[in-house]
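*Asks:* Let me begin by handing over the structure; questions about it come next.
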Amino acid sequence: IQVILGAVLAGALGNLTDRLRLGYVIDFVSLGIGETRFPTFNVADSAVVLGIGALVAYLTFFDGPRQAAEASQ
């Protein structure tokens, strides 16, 4: 859980640093096939999104069942 929260915090701080220093966030990763493009993003965006996804998965599949088992005892 510490790694997950660290990824979210690092991504948020990375974007905040750009926003405070430059007034905007630099997005530089552009993916797509031919003319079809995915919105441009940066590594910090990826850290936030993947971290939140991992947090939801952890709470759903690991922490939730553990709490339910403890509550039933």
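Everything in the sequence shown is counted per this note's numbering, starting at 1 for the first residue and increasing by one.
Don't be surprised by glycine CBs; every beta carbon is placed ideally from N, CA and C.
1. For residue 12, collect the residues of the same chain with a Cβ closer than 7 Å to its Cβ; drop the 5 residues on either side in sequence, then sort them by chain order.
2. For residue 33, which residues does DSSP report across the bridge?
3. To which residues of the same chain is residue 61 closer than 7 Å at the C-beta, ignoring the five residues directly before and after it?
4. In terms of residues, what are the limits of the alpha helix (DSSP H) holding residue 60?
5. So what does residue 41 bridge to, in DSSP terms?
*Replies:* Here's the rundown:
1. Stepping through the sequence shown from its first residue, residue 12 is reached at position 12. Here the set comprises 48.
2. Reading the sequence shown from its first residue, position 33 is the one you call residue 33. Note: residue 33 sits in a beta bridge opposite 36.
3. Within the sequence shown, numbered from 1, the residue matching residue 61 stands at position 61. No residues qualify anywhere along the chain.
4. Within the sequence shown, numbered from 1, the residue matching residue 60 stands at position 60. Run containing residue 60: none; DSSP gives neither H nor E here.
5. As a working mapping, residue 41 is identified with position 41 in the sequence shown. Beta-bridge pairing links residue 41 to 29.
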